[in-house]
Every structure is written in structure tokens, then in C-alpha cells.
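Chemist:
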Amino acid sequence: MIRMEAILFTAAVCLAAAAEAVEAGRREKPVVLPAIAATTLVAVPLDADVHAAAAVGYGDLRILDATGVEVPHVVRDVTRTDRRPLQRTGSATRPIAKPLADDGLEITVVLGPGQDRIVPEAVTLLTPLHDFEHRVSVSWSADGREWTPVVAEAVIYDYTRFIDVRDVTIPLPAAPARGPGGRYRIVIGDVTQEQQSRLAELTRTLAGGEPREVRETTLVDRRPFRIDGIEFWYTEEVEQRATAVLADHAVVGFRTAREPDGRATRITVDTRREPVTELTIATDSRNFSRPVSVEQPVAADRDGQPLRGRPLATATITRIDVAGIRREQLVVPLPESRLASYDLVIDDGDSPPIVVTGVTARGPVREVVFLAEPAGGYRLAYGGELAAPRYDTAAIRAALAARADTMPATLGPATVVATPPPAAEPFRLLADGRFQIAVIAVLAVLLAVSLFRAAQRLDAQSPPREGP
Numbered sequence: 000m001i002r003m004e005a006i007l008f009t010a011a012v013c014l015a016a017a018a019e020a021v022e023a024g025r026r027e028k029p030v031v032l033p034a035i036a037a038t039t040l041v042a043v044p045l046d047a048d049v050h051a052a053a054a055v056g057y058g059d060l061r062i063l064d065a066t067g068v069e070v071p072h073v074v075r076d077v078t079r080t081d082r083r084p085l086q087r088t089g090s091a092t093r094p095i096a097k098p099l100a101d102d103g104l105e106i107t108v109v110l111g112p113g114q115d116r117i118v119p120e121a122v123t124l125l126t127p128l129h130d131f132e133h134r135v136s137v138s139w140s141a142d143g144r145e146w147t148p149v150v151a152e153a154v155i156y157d158y159t160r161f162i163d164v165r166d167v168t169i170p171l172p173a174a175p176a177r178g179p180g181g182r183y184r185i186v187i188g189d190v191t192q193e194q195q196s197r198l199a200e201l202t203r204t205l206a207g208g209e210p211r212e213v214r215e216t217t218l219v220d221r222r223p224f225r226i227d228g229i230e231f232w233y234t235e236e237v238e239q240r241a242t243a244v245l246a247d248h249a250v251v252g253f254r255t256a257r258e259p260d261g262r263a264t265r266i267t268v269d270t271r272r273e274p275v276t277e278l279t280i281a282t283d284s285r286n287f288s289r290p291v292s293v294e295q296p297v298a299a300d301r302d303g304q305p306l307r308g309r310p311l312a313t314a315t316i317t318r319i320d321v322a323g324i325r326r327e328q329l330v331v332p333l334p335e336s337r338l339a340s341y342d343l344v345i346d347d348g349d350s351p352p353i354v355v356t357g358v359t360a361r362g363p364v365r366e367v368v369f370l371a372e373p374a375g376g377y378r379l380a381y382g383g384e385l386a387a388p389r390y391d392t393a394a395i396r397a398a399l400a401a402r403a404d405t406m407p408a409t410l411g412p413a414t415v416v417a418t419p420p421p422a423a424e425p426f427r428l429l430a431d432g433r434f435q436i437a438v439i440a441v442l443a444v445l446l447a448v449s450l451f452r453a454a455q456r457l458d459a460q461s462p463p464r465e466g467p
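At position 164 of the sequence shown (counting the first as 1) the number is 163 in numbering that gives the first Met the number 0, and the numbers step up by one without a gap.
1. By a C-beta neighbour count over all protein chains shown, 10 Å radius and 16 as the cutoff for buried, is Gly383 buried or exposed?
2. May I have a chain-ordered list of the beta strand (DSSP E) segments no shorter than 3 residues that lie completely inside the region 61-119?
3. If you draw a straight line from the alpha carbon of Arg456 to that of Ile439, how long is it in whole angstroms?
4. Looking only at its own chain, which residues have a Cβ that is under 8 Å from the Cβ of Arg116, when we skip the five neighbours before and after it?
5. Would you check if the region 128-142 and the region 154-172 touch, i.e. whether three or more CB-CB distances between them fall below 8 Å?
6. Just to confirm my understanding: we take Glu230, look at its own chain, exclude 5 residues before and 5 after, and list those with CB closer than 6 Å. What are they?
7. Do Ala371 and Arg61 have their C-beta atoms closer together than 8 Å?
8. Excluding five sequence neighbours on each side, which residues of the same chain lie with their C-beta closer than 6 Å to the C-beta of Thr313?
9. Contact between the region 39-49 and the region 340-358: three or more CB pairs below 8 Å?
10. Report the rounded CA-to-CA distance for Pro98 versus Tyr233, giving the unit in angstroms.
11. Below 8 Å on the Cβ atoms is my guess for Arg79 versus Thr276; work out the distance and round it to an integer in Å.
12. When the Cβ atoms of the region 315-324 are set against those of the region 263-277, are three or more pairs found closer than 8 Å?
13. Using the Cα positions of Leu311 and Ser336, report the straight-line distance between them to the nearest angstrom.
14. Measuring CA to CA, which of Glu235, Phe369 and Arg225 is closest to Ile187?
15. I need the DSSP call for His248, collapsed to helix, strand or coil.
16. Quick check on the burial criterion: 16 or more other C-beta atoms within 10 angstroms. Buried or exposed for Thr38?
17. Going along the chain, which residues of its own chain have a beta-carbon closer than 8 Å to the beta-carbon of Thr282, five neighbours each way excluded?
18. Nearest to Gly58 by CA position, among Leu385, Thr405, Ala447 and Arg240, is which residue?
19. DSSP has Phe451 in a bridge; who is on the other side?
See below:
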């Protein structure tokens, strides 16, 4: 027999759905930004209030101008691009060489195309020769008229005859008078050196089979210093891969309870549906290593016992501090989720439970980017059940791809919207939240009445029980 409890349960479900529809109603926040004089790319970070009411895919977000017209926008993660120094080399172009009267050589080098912004930190003379030693000086000029000494005297050498030691690089110290680009004059002294041969010619004169005279001859070669090329070393700041900016999100509260079998600890963490990618456990306990899983909470069973939810992630939390060994890992990473609460289940086994003093939620920061016009009077609308819009965002994405600067903006206080955004005329009434709640309430009453009448008919048609 269908009992009245079923009717009450159905009515309660309908009323809960209606209350949830009211809670998920539309809200608006004004976009606060400085005065602008032209079309400006504006970025508005989403706060906890927006995350708490917005849909999972942010399809309900709308940017409205002062007249209520929707403005195309893009929702993206706030990223940070790190820069790191990288040492590069560049070849000198158009060298001009001129022999000097004191057997020296003057080489003038003009930095080539694309090198006018660099400040070289060292000069390398590429040569195939070995066994040499030369003294070098370097000067700099912006236009080739006035020269500023950079290196008064440096030595380049190759001592292969004695040991495998070679240095053909001339460091260039930083000098305020030397700017980027320009010309460099390299003067090499004694560019043609006498080099003694490694082989000696030995001549013996014999008389009657006895050595009478011994003469040793060593060849000396006057060898010019051959240069195959000149390279400049410089440091350039390069951008690494953009990484998402993570921030601590609000944790409304957490509750700790032991599992019925006494072998695990369940921690329920309540959030405001901000995107979470990691949960960090705070504890004063030491010397433990426990498996932990993150689950999506579900309702309790008929006996009031919590049911195991959908698993989201697993990890191992560790803190070891003994005998000089210190190791700690209390972060539990998980796929990005936007849930109102999370269950962390710590597997204690037969060990004493860990005393958890707090939980920190951390995740990416999101923002809405749009093109603002002067005196636009923009506001952000969110919440409710709306289909994701299809905007033409080519201009916004092109500006973001070109790394255009964005003007930061903030959100003001929230206000509840009495009416939803304008919809198509035939469906305007269906999109009204109050109309939807009224329909749900009427359907709940009709369903309750129908179930009650069906129960009466079944009772009337049931045959009477026969006695034993």
C-alpha cells in the first residue's frame, strides 16, 4: 500500500528544488574600473561570491553595459610568465681589418641586424691555431668617431705545447659609457709571431769514424695570427611557459569524524565552490605517513551513516622528524573541482589518528576579460540556469595572444536581480525564475493529489484477507 510518507517525501523534494532555484537566482555586481578615454581591454577577477553561485562551466556569466546589452567576454585563468636569463652567442658581421705599424692588427666590428639592442659581455676570437699568446685591447664607439676604452689589455693564449690550456675569450666589463649596439674596435698586438719548430735538425761531422763536430739547427716560423670569426656573448631575458596563478580560497569550515570501523578519519571541508586543485592539511602530529583520498560527499543512508562518495584523488601525507631526518608532504593534489564540500579520508589503520587542526584549499584564479568603452557602466551578472553564450571574441583573443596589457578592475557589492536577462519574446515567461518556481509548486501539489487518489483506489480494490 502506498503510504502518506511517499506523498510527503515527494512534496519535500519539490520544495527543496524550488528553494534551490531561488538560491541559484540571478545576481549582479558592478564592475569598478578607472575612467577610460578609448576602447580598453579590461580584466575582472572572479571573487568567492561569483564562484558560489556561478555554474560549473561559467556559462551563466554575462557582462552587461549600462543599457543592459550583453558584451562579449572571455573567461580565462590568471597566469604568470616567468623570465630567466639565457646566455646566447651572435656572430659579428662586416669586420674591417687594418694592419698597424707596430706589427699589430686593428679589427672594427659593427653589430649586425637584430643585435642593436644587445650589450655584449664577452668577445671570442675564433682561430684554428695553437701555441700562441697575444695581447688584445677593446674599445667601443656609438658612431665610430669617439672611442671609449672597454678593455685596456687582455691576453688570449693557447699553451698546447706544454698543457691543454686555451682561452680566446675576452670578458667585457659593464661600463655606464657603453650602450647597446654600436661598434667595437679590437686591437691585437704582435699579430705575426715567431714560432720555434718542435723539431730540430742535428748535423754530425765525423773524422776517422770519430765525431768531430755536432751542430743542431732549429727552424723558426714567422706565423700570422689567423682569425676565422668573431663571436659576441650576451645575456637575454627569455620567457618561460606561462603558469597559472594559484591562490588560497576560503574554507567555510571543516569537520572531523572517525569512520565506523575506527580505522580511518573523515574530514569534511566546506568551501564556496571556488576552483580547487590542492588541499593542504595542517597538523601538529609528527612521524607519520598515511594514505589519504579525496571524495565527493554524498547523502547518508537510511541509518544515517555517510556513504562513500565518488573518488577524486589519492595521495600520501608524510611528516618525519626523527634522528636528523626531516621530511614533510602535506599537500593533496586533485583534479580541478568546484564542489561545495570535500571529504578527505585518512587511512590510519591500527595507528592513532592524526590530529588535524585545519585544511587549506588552493586553486587557480579566474578572470573575465572584455573590451570596455568609455562611460560603459558595466556590471557582471551570474547565477541561475542559462545556456552558454556564443560570442564573437576574435578581437579579445587576438589582443591576448599579442600579450596586450589589460586594465585591472574589481567587483562591487552583489545585488539580487528581480528579473532575468531579456530572452526571446516567445520564451520570456518560461525564462522567468518566479514563473518556474510557481510551476514547480503546482506540479508538486498535483503529484501529491494524484498519488493520494491512487492510494485510495488501490485500498478500495484490494480483496479482503481471508482468515486462517
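Heads up, the beta-carbon is just placed ideally off N, CA and C, and yes, glycines get one too.
Modeler: Considering the structure as presented:
1. buried
2. 61-63, 72-76, 82-90, 92-98 and 104-109
3. 26 Å
4. Pro179 and Gly180
5. Proximity of the region 154-172 to the region 128-142 meets the contact definition, three or more beta-carbon pairs being nearer than 8 Å.
6. Excluding residues within five positions, the ones whose Cβ falls inside 6 Å are Thr88, Ser90 and Thr123.
7. no
8. Setting aside the 5 residues that flank it on each side, Thr313 is surrounded in the same chain by Ser292, each with a C-beta closer than 6 Å to its C-beta; the list follows chain order.
9. no
10. 28 Å
11. Between Thr276 and Arg79 the Cβ distance is about 15 Å, and since that is not below 8 Å, they are no contact.
12. The region 315-324 vs the region 263-277: no contact.
13. 9 Å
14. Arg225
15. In the displayed model, His248 falls within a strand according to three-state DSSP.
16. exposed
17. Within the same chain, Thr282 has close Cβ partners Arg318, Leu329, Ile353, Val354, Val355 and Thr356.
18. Leu385
19. Secondary-structure assignment with DSSP links Phe451 through no beta bridge to anything.
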